[in-house]
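These notes are about the structure you will find just below.
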Amino acid sequence: MMKFELLPNEILLDYFGYFNALDLFYAYDGLNYRLNKLIRILPLHLNFQYANKSKFGEFCRTMSLNEELKNQIYSLHLSNQETDFQIEAFLSFFSLNQFTNLRSLSITEINPTDSTKIKLMLPSISKLQTLSIISSDFPFNTINETLFIKNLTISYCFLNESYQLLQHMPILKYLNIQCLNDDGYSYDTNRLNNTPCAIHLKELIIENLQCTFMNFEIFVKEIPNLQILTISARNNSDMFDANLWEQLIRILLPHLITFNFNFGYIYQDQYNIILNKFQTNFWQKQFNCFTEYITDKQSIFIYTIPYISNKFRLTSSTTRYNNTMIDKSDEPDDRIIIKKLRKSSTDHQV
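The working numbering runs 400 ahead of the 1-based position in the sequence shown.
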């Protein structure tokens, strides 16, 4: 500790900045006056996920006795994933609007009662920019007040709820929806506003799209300035129509720069004819989008390169139709050009 204390404040503050606030205070609070002062002037990032009950309670009591400490909390993560007590217990100590500098709030697995409480608090968190709610029990469809957040991540949302979210988050720039479902409805464009409501949205990620192409097309009309689109979808033949995608991009998403996708469907005869439509000049040259595909028993998957998921299912029946790299001097980022299909036993090239 003696040599550690000889370090200048600037280095110590930089070092402390890598800590979860919970661990930082557990390790250094109360050791001496200087360290006590330093850890209380940092922007703190407080992650209670996986925290044990005693650490959680001790830190909450410390914050309740120190008003300035609450002002130093810039990000907060509450979770009931491993316990059923944490969020309710935290709300018994504090109201979220007490954290005057809170920029980022993450909620994992919340019950309906606490969801309602947090929903009512959100408009009063004046500096909140990033919101992540990974729970199926959050009432998105009852949000009626404007929230000036820029980044939103949610686990599950129906299409009609997504319209309401966009209408009440007018400066949203980033939206990540783990599962977007149209609930089997056909949505009428007449029920939407004539003016797009999410004109600032630049990036959209949908990890599991469960919508018809027609309904998704209606949704896209709300986000005309989108620049990055990432989508995964299964068991949806609409998504394999390259002509529909090209038309949607040309007409509704003129500012789109990057399109990443991973589509899966039931194996069909002459599937290569369908997939080759993603290999036209529009995709490869004008849009700079390159694909390859795999077949596995009765399923077929087409995806952009680089592969967007951190998981790749490989079985003994998987046949991958990969791509050959050509002319690397013209492809500094090692993009992969799609060539004509050439058959081989287990690994094919297109």
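Note that the Cβ used here is the ideal one computed from N, Cα and C, for glycine as well.
What's the call for residue i, buried or exposed, on a 16-neighbour Cβ count within 10 Å?
i    : result
R434 : exposed
G350 : Outside the modelled stretch of the chain, which goes from 401 to 750, sits residue 350, for which no answer is possible.
D514 : buried
Y418 : exposed
D747 : Reliability fails at D747, whose pLDDT of 46 lies under 50, so the model's placement of it is uncertain and the value that follows must be treated cautiously. Answer is exposed; the Cβ neighbour count stays below 16.
T542 : exposed
E622 : buried
Y693 : buried
H655 : exposed
Y667 : exposed
A427 : exposed
L496 : buried
S475 : buried
Q472 : buried
E405 : exposed
Q686 : exposed
N710 : exposed
E713 : The amino acid occupying residue 713 in the given sequence is Arg; Glu does not appear at that position. Looking at its Cβ environment, which holds fewer than 16 other Cβ atoms inside 10 Å, R713 is exposed.
Y707 : exposed
E830 : Outside the shown range of the chain, which is 401 to 750, sits residue 830, and nothing can be said about it.
When DSSP labels each residue in this structure, what does residue i get in the three-state scheme?
i    : result
K728 : Below a pLDDT of 50, predicted positions are generally treated as unreliable, and K728, at 39, falls in that range; the measurement from the model is reported next regardless. Looking at K728 - three-state DSSP - the assignment turns out to be helix.
D757 : Past the edges of the chain, shown from 401 to 750, lies residue 757, and the structure says nothing about it.
Y426 : helix
L406 : coil
S524 : helix
Y415 : helix
Q686 : helix
L444 : strand
Q610 : strand
H546 : At residue 546 the sequence reads Thr, which differs from the His that was named. Three-state DSSP puts T546 in coil, outside helix and strand.
L469 : helix
N551 : strand
In its own chain, which residues sit with a C-beta less than 6 Å from the C-beta of residue i, not counting the 5 before and 5 after it?
i    : result
F558 : N581, D583
A633 : L609, M639, F663
I628 : E603, T658
I533 : I507, I554
N551 : T530, Y574
A642 : K677, F678
Could you spell out the range, first to last residue, of the alpha helix (DSSP H) harbouring residue i?
i    : result
S464 : 453-464
F499 : Run containing F499: none; DSSP gives neither H nor E here.
T513 : 512-521
S532 : Looking at the DSSP string, S532 is not in any alpha helix (DSSP H); the run it does join, the beta strand (DSSP E), is 530-534.
S492 : 486-493
For residue i, which residues in the same chain have their Cβ closer than 7 Å to its Cβ, ignoring the five residues on either side in sequence?
i    : result
L438 : N409, L412, L413, F416
C689 : F659, W683, T704
T516 : P539
D537 : I510, N511, P512, S515
K470 : M463, Q498, F499
S729 : Residue confidence for S729 is low, a pLDDT of 43 falling below 50, so the modelled location carries little weight and cannot support an answer.
On the DSSP letters alone, give me the boundaries of the beta strand (DSSP E) that residue i sits inside.
i    : result
Y707 : It is not in any beta strand (DSSP E) - Y707 carries neither H nor E in the DSSP assignment.
I606 : 603-606
N436 : Unbroken run through N436 is the alpha helix (DSSP H), 433-438; no beta strand (DSSP E).
N478 : Position check: residue 478 holds Leu in this sequence, whereas Asn was assumed. 473-479 is the span of the beta strand (DSSP E), which, as asked, contains L478.
T680 : Note, T680: premise wrong, no beta strand (DSSP E); not H, not E.
N722 : 718-722
Give every residue of the same chain whose Cβ lies closer than 8 Å to the Cβ of residue i, excluding the five residues on either side of it in the sequence, and list them in chain order.
i    : result
M521 : S495, L496, N497
G430 : N436
Q486 : F448, A451, F456, L478, S479, N480
F425 : I439, F459, T462
_4 or more residues per run - each alpha helix (DSSP H) lying fully within the region 558-582_ = 559-567, all fully within the region 558-582.
_4-residue-minimum alpha helix (DSSP H) runs that sit fully inside the region 612-673, ordered along the chain_ = Correct list: 613-620, 642-652.
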